[in-house]
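Residue numbers (our numbering): 3 to 100.
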């Protein structure tokens, strides 16, 4: 049995199928449940994103923001790791980080 055959049998056994991410972004049930949501991306405008398919009742909803641009949070992350602003500037000047 091929992996594809195994997936198909599993899907039939549990009565579901994977629509693929592109189909899921327009799924009316996922839109109604808030699993698909929109964010404003500084480079691409309004972007639909697929959130977690499983949510625990007591778990807080994740903060939803756009996918980061390359280097967008570099300074923040390095500062949290203990790098000084001068060290970060030096790493950037040497092309080690963006």
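For each residue, glycine too, the CB sits at the ideal point set by N, CA and C.
As the structure is a prediction and not an experimental result, all values here were calculated from the model.
For the alpha helix (DSSP H) holding residue i, just list the boundary residues, first then last.
i	result
residue 79	76 to 82
residue 33	30 to 35
residue 93	87 to 95
In terms of residues, what are the limits of the beta strand (DSSP E) holding residue i?
i	result
residue 57	Unbroken run through residue 57: none, as it is neither H nor E.
According to DSSP, which residues form a beta bridge with residue i?
i	result
residue 38	52
residue 43	47
Alpha carbons only, please: which of the options is nearest the one belonging to residue i?
i	options	result
residue 73	39, 47, 97	97
residue 44	71, 94, 26	71
residue 100	34, 39, 75, 58	75
residue 68	46, 27, 86, 85	46
Is the beta carbon of residue i sitting closer than 9 Å to the one on residue j?
i	j	result
residue 37	residue 49	no
residue 26	residue 35	no
Count the CB pairs spanning the segment 76 to 83 and the segment 38 to 56 that are closer than 8 Å, and state whether there are at least three.
no
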